[in-house]
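Asks:
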Amino acid sequence: MTASCVKSGVDSDLMRLRALVRAFVDERDWDQFHTPKNLASALMVEAAELLEHFQWLQSGRAEELGADKLVEVRHEMADVLVYLVRLADKLDVDLVAAVEEKMVLNRAKYPAELVRGDARKYYEYKDYKKT
Numbered sequence: 050m051t052a053s054c055v056k057s058g059v060d061s062d063l064m065r066l067r068a069l070v071r072a073f074v075d076e077r078d079w080d081q082f083h084t085p086k087n088l089a090s091a092l093m094v095e096a097a098e099l100l101e102h103f104q105w106l107q108s109g110r111a112e113e114l115g116a117d118k119l120v121e122v123r124h125e126m127a128d129v130l131v132y133l134v135r136l137a138d139k140l141d142v143d144l145v146a147a148v149e150e151k152m153v154l155n156r157a158k159y160p161a162e163l164v165r166g167d168a169r170k171y172y173e174y175k176d177y178k179k180t
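Convert by adding 49 to the 1-based position in the sequence shown; the result is the number in the working numbering.
What follows is the structure, encoded as structure tokens:
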């Protein structure tokens, strides 16, 4: 599968999610509450609820979570994605393009030959040169 086919599929999936969320919001007349600030706040609340499921676990792998907890984690992940897609919709951000742009920046910050197998931040590398 080529990169453009993958991108097209992801774009299509995100557009489908955006339409699904828009319809849900419109049916409830909630657009009036969906300011970018409110959506960003809600996104952080949902991300915290996701994180809560992993608190105090050794690794948080699926087998450690168990089937019931994994369902709850999936639902929290969905909530995070819904708010992210909605925020992108309200700010007219193309999420696929944003990720592609950010990956270019990340590749420059974290060259594979320098950071492979090392989890430090980019500024902690001896050979790091600010661009």
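Think of the CB as a built atom: it goes at the ideal place given N, C-alpha and C, for glycine as much as any other residue.
This structure is a prediction, so every number in the text was calculated from the model and none was measured.
My output table needs one value for residue 115: the three-state DSSP class, helix, strand or coil.
Replies: Along the sequence shown, one-based indexing puts residue 115 at 66. If DSSP states are grouped into helix, strand and coil, residue 115 belongs with coil.
Asks: Rounded to the nearest angstrom, what separates residue 161 and residue 147 at their Cα positions?
Replies: On the sequence shown, position 112 is the one that residue 161 refers to. On the sequence shown, position 98 is the one that residue 147 refers to. Looking at the two C-alpha atoms, the distance is approximately 21 Å.
Asks: How big is the Cα-Cα spacing for residue 140 and residue 111?
Replies: For this step, residue 140 is matched to residue 91 along the sequence shown. For this step, residue 111 is matched to residue 62 along the sequence shown. Rounded to whole angstroms, residue 140 to residue 111 spans 34 Å at the Cα level.
Asks: For the stretch 66-75 against the stretch 99-114, are there 3 or more C-beta pairs whose distance is under 8 Å?
Replies: Verdict: no, contact absent.
Asks: Determine the closest residue to residue 163 out of 153, 174, 154, 155, with distance taken between C-alpha atoms.
Replies: To locate residue 163, count along the sequence shown from 1; it is residue 114. Answer by Cα proximity: 174.
Asks: Indicate whether residue 125 and residue 149 have their beta-carbon atoms separated by less than 9 Å.
Replies: As a position in the sequence shown, residue 125 is number 76, starting the count at 1. As a position in the sequence shown, residue 149 is number 100, starting the count at 1. Cβ distance not < 9 Å, so residue 125 and residue 149 don't count as in contact.
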